[in-house]
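Residue numbers (this note's numbering): 18 to 205.
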């Protein structure tokens, strides 16, 4: 019976988090981007960045980085895609997301995702720092695409410059920034 309950709980979990494929990222809606990416699209992009750039830091646990990238926004299915413009403090956002991950842990009877999310949020490991910077950079890559539609997304560039913490993150950002034309389109 326990195996059947475990299976049902896992199916319930997937049925819930798969809705991230339909949840639009709010930062792009704020700028009236047509057909903006979903939260799941963003996580997919982040996983691609991890796979692409992971060889630049040879001591990384690549599997852990990929799991961090995949799960980092799972809570958004329960709390929404909270942006800095939503007048919700960072501590309140953290508490809401923590409750969502606690719920997932209870549902799955497994602390793994919760523990990894805490690691991601605390940013104390090399993997968490790397994935956190790539998370920010994924939004810059997406802004690059959307700026081709003559939308000024300078806010994302300014935030990224301020928020990136790792040397490799700064190098990637600098290359992207240096390729940015005056009209905000890109040479790359």
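Note that the Cβ used here is the ideal one computed from N, Cα and C, for glycine as well. Source: prediction; values computed, not measured.
> Does the beta-carbon distance from residue 67 to residue 133 come in below 8 Å?
Replying inline: Cβ distance not < 8 Å, so residue 67 and residue 133 don't count as in contact.
>> Closest to residue 195 by C-alpha separation, out of 183, 166, 157, would be which residue?
In response: Residue nearest to residue 195 within the set 183, 166, 157 is 157 (criterion: CA-CA distance).
> Nearest to residue 26 by CA position, among 108, 110, 126, is which residue?
Replying inline: When each option's Cα is compared against that of residue 26, the closest is 126.
> Just to confirm, are residue 168 and residue 50 a CB contact at a threshold of 8 Å?
Replying inline: Yes; because the gap between Cβ atoms is below 8 Å, this pair is in contact.
> If you draw a straight line from the C-alpha of residue 204 to the C-alpha of residue 120, how long is it?
Replying inline: Unreliable positioning characterises residue 204 in this predicted model, as indicated by a pLDDT of 47, which lies under 50. A coordinate reading is not provided.
>> Looking only at its chain, what residues have a beta carbon closer than 7 Å to the beta carbon of residue 1, apart from the 5 residues adjacent to it on each side?
In response: One cannot answer for residue 1 here, as it falls past the ends of the chain, which runs 18 to 205.
> What is the rounded straight-line gap between the Cα of residue 136 and the Cα of residue 145?
Replying inline: Between the C-alpha atoms of residue 136 and residue 145 there is a straight-line separation of about 6 Å.
>> Along the chain, where does the alpha helix (DSSP H) containing residue 40 start, and where does it finish?
In response: Following the DSSP letters along the chain, one finds residue 40 in no alpha helix (DSSP H), marked with neither H nor E.
> Can you list, in chain order, the stretches of the alpha helix (DSSP H) that have 4 or more residues and sit fully within the segment 123-173?
Replying inline: If only complete runs of 4 or more residues are kept, the segment 123-173 shows the alpha helix (DSSP H) at 129-139, 143-164, in order along the chain.
>> Can you list, in chain order, the residues of its chain with a C-beta nearer than 7 Å to that of residue 81? Leave out the 5 residues immediately preceding and following it.
In response: Counting only Cβ-Cβ distances below 7 Å, and skipping sequence neighbours, we find 144.
>> Using the three-state DSSP reduction, which class does residue 55 fall into: helix, strand or coil?
In response: Strand.
>> Applying the 10 Å Cβ sphere with the 16-neighbour rule, what's the burial state of residue 28?
In response: Classified as exposed, residue 28 has fewer than 16 neighbouring CB atoms from the shown chains inside 10 Å of its CB.
> If you drop the 5 nearest sequence neighbours on each side, which residues of the same chain put their C-beta closer than 6 Å to that of residue 152?
Replying inline: Correct list, in chain order: 63.
> If we count the other Cβ atoms within 10 Å of its Cβ and call it buried at 16 or more, is residue 59 buried or exposed?
Replying inline: Burial call: buried.
> Cα-Cα, which of 75, 61, 88 is closest to residue 185?
Replying inline: Distances from the CA of residue 185 to each of 75, 61, 88 were compared; the closest alpha carbon is that of 75.
> Between residue 77 and residue 147, is the Cβ-Cβ spacing less than 8 Å?
Replying inline: Against a cut-off of 8 Å, the Cβ pair of residue 147 and residue 77 comes out as a contact.
> Considering only residues of the same chain and omitting the five flanking positions on each side of residue 177, which have a CB-CB separation below 8 Å?
Replying inline: So the qualifying residues of the chain are 153, 154, 156, 157, 190.
>> Rounding to the nearest angstrom, what Cα-Cα distance links residue 93 and residue 192 in this structure?
In response: If you draw a straight line from the Cα of residue 93 to the Cα of residue 192, it is about 30 Å long.
>> With H, G and I counted as helix, E and B as strand and the rest as coil, what does DSSP make of residue 89?
In response: In the structure shown, residue 89 sits in coil (DSSP, three-state: anything other than H, G, I, E or B).
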